[in-house]
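One structure below.
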Amino acid sequence: MKKRYRKYRHKEESENFWPAFTDMISTIALILFFLMLIAYVNNIVTGKNLEYAVKQLEDTQSKLEISKAEISNAEDQLRLLKNDLEKTAAEVKKGEIELKLSEEEIDKQKEIIASSNQELGQLRTKLKGIALLRLDVLNKVKVSIEENLGNKNAKGEELVLIGDNGNIIINEGLVFDYGKSIIKDEGKPLLAKLAKSFEKVLDDPNVSKNIDAINIQGHADIRGTADANRKLSTDRATSVVNYFMQSDPTLEKRYGKFFMASGFSYFRPLIDEKNEDAYSKNRRIEISVILKDSNVQNVIDDYLKESVDILNNTSDN
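Those letters in the sequence shown? Residues 1 to 317, by UniProt numbering.
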């Protein structure tokens, strides 16, 4: 009985063992399944995260390349700007040097101009002195006549006057009849005194050495032809010169070489009008003192020589 019982019990224990083992294996399998499922899901999540990370990395790499390109471009621009700045600085430096040279040249030119103005002023003074000499000769003649004959005739007409051009002017009516070239008797004392006055003035060597000629000019009014008036004006001037020499032989002997006669017809009127007053004033004898060109030329030559010397000295410096 006990043997049967132990056999039954052993059988029962054996039968109970396999279900428990099977349950354990199932549990283990289920656990493994869940572990595999978790691992699979984890792999899926990890894969997606990796793809995202790769994409992010690619985006970052792309942005990095763009940034590198921008940096490279900026560096190129900076290099160009630096080159431009250096070029501009060089040009500014060159401009400063040229400006300084220009300022120095301007200063030199100012010195030359100042010196030239001074020399020009001296030249003007010398030329003015020569012009005053000419005017002084005529004024002395005029004063000499007025001291002896007065300054007006019986009709109240001025015997002689000095015109705007510096010439002695003799009214034609004082010496000639209208349309004639023969000297009137009442005009002879005036011409004789003029001759003596010129002799006295020419006796001064400081005056005579500067005189080239004394030109007696005849002028007519506009009435009549140019040819007729040219002959009349020339004949009148010649008559005056001839009377000078006749009335004062010493003048002819010593200073005859200075006197000349010329006629201008009606081409140099004092008053460009057509009335009796204009006609009367335009008919006249003018006496002009012509200074030697050499004297004036010497003054100019001296000025030019001094100017050239100044320029040469400036260039050497």
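Idealized CB from N, CA, C, for every residue including glycine.
- Rounded to whole angstroms, the gap between the alpha carbons of G47 and I25 is 32 Å.
- Using a Cβ-Cβ distance cut-off of 8 Å, the stretch 94–105 and the stretch 162–170 are not in contact, since fewer than three pairs of beta carbons, one from each stretch, lie closer than that value.
- In this structure, the CA atom of L81 is about 19 Å from the CA atom of K68.
- Spatial neighbours of E252 in its own chain (CB-CB distance under 6 Å, excluding positions within 5 residues in sequence) are listed in chain order as M245.
- When the five nearest sequence neighbours on each side are left out, the beta carbons in the same chain lying within less than 7 Å of the beta carbon of S181 are those of L232, D235, R236 and S239, in order along the chain.
- Cβ atoms of R254 and E172 stay farther apart than 8 Å, at about 29 Å.
- With contacts defined by Cβ atoms closer than 8 Å, Q217 and S288 form a contacting pair.
- Straight-line spacing of the CA atoms in L135 and V141 works out to 10 Å.
- Contact between R223 and Y178 is absent: CB atoms are separated by about 10 Å, not below the 8 Å threshold.
- Rounded to the nearest whole angstrom, the C-alpha separation of L78 and Y52 is 38 Å.
- Here E273 carries a coil assignment [DSSP, helix/strand/coil].
- Counting of Cβ neighbours within 10 angstroms places L161 among the exposed residues, the total staying below 16.
- Only residues of its own chain outside the window of five on either side were considered, and among them K281 and N282 have a CB closer than 6 Å to the CB of L270, listed in chain order.
- Per DSSP, the unbroken alpha helix (DSSP H) holding L202 starts and ends at K188 to L202.
- Only residues of its own chain outside the window of five on either side were considered, and among them E158 and L159 have a CB closer than 7 Å to the CB of K152, listed in chain order.
- Excluding five sequence positions before and after L190, the CB atoms of its chain that fall closer than 8 Å to its own CB belong to I145, L149, L159, V160, I170, L174 and V175, given in chain order.
- Spatial neighbours of G187 in its own chain (CB-CB distance under 8 Å, excluding positions within 5 residues in sequence) are listed in chain order as L174, V175 and F176.
- In this structure, the CA atom of Q109 is about 34 Å from the CA atom of E86.
- Taking each of S62, N242 and D272 in turn and checking the Cα distance to M260, the smallest one comes out for N242.
- Residue burial is scored here from C-beta neighbours: N43 has fewer than 16 other C-beta atoms within 10 angstroms and is therefore classed as exposed.
- Taken atom to atom, the span from the alpha-carbon of L35 to that of K63 is near 41 Å.
- C-alpha of D204 to C-alpha of A192: approximately 20 Å in a straight line.
- In this structure, V201 is the residue among D84, V201, I97 and E91 with its C-alpha nearest to the C-alpha of N139.
- In the three-state scheme derived from DSSP, where H, G and I count as helix and E and B as strand, R284 is classed as strand.
- Taking the Cα positions, D227 is about 21 Å away from I183.
- A distance below 7 Å between beta-carbons, with the five flanking residues on each side excluded, links R268 to the following residues of its chain, in chain order: H219.
- L194 sits buried, since 16 or more C-beta atoms from the chains shown fall within 10 Å of its C-beta.
- Around the Cβ of V137, a 10 Å sphere holds 16 or more other Cβ atoms; the residue is buried.
- Counting the other Cβ atoms within 10 Å of the Cβ of K196 gives 16 or more, which makes it buried.
- The alpha-carbon of E199 is positioned some 8 Å away from that of T250.
- Look at L159 here: in three-state DSSP terms it is coil, with no helix or strand label.
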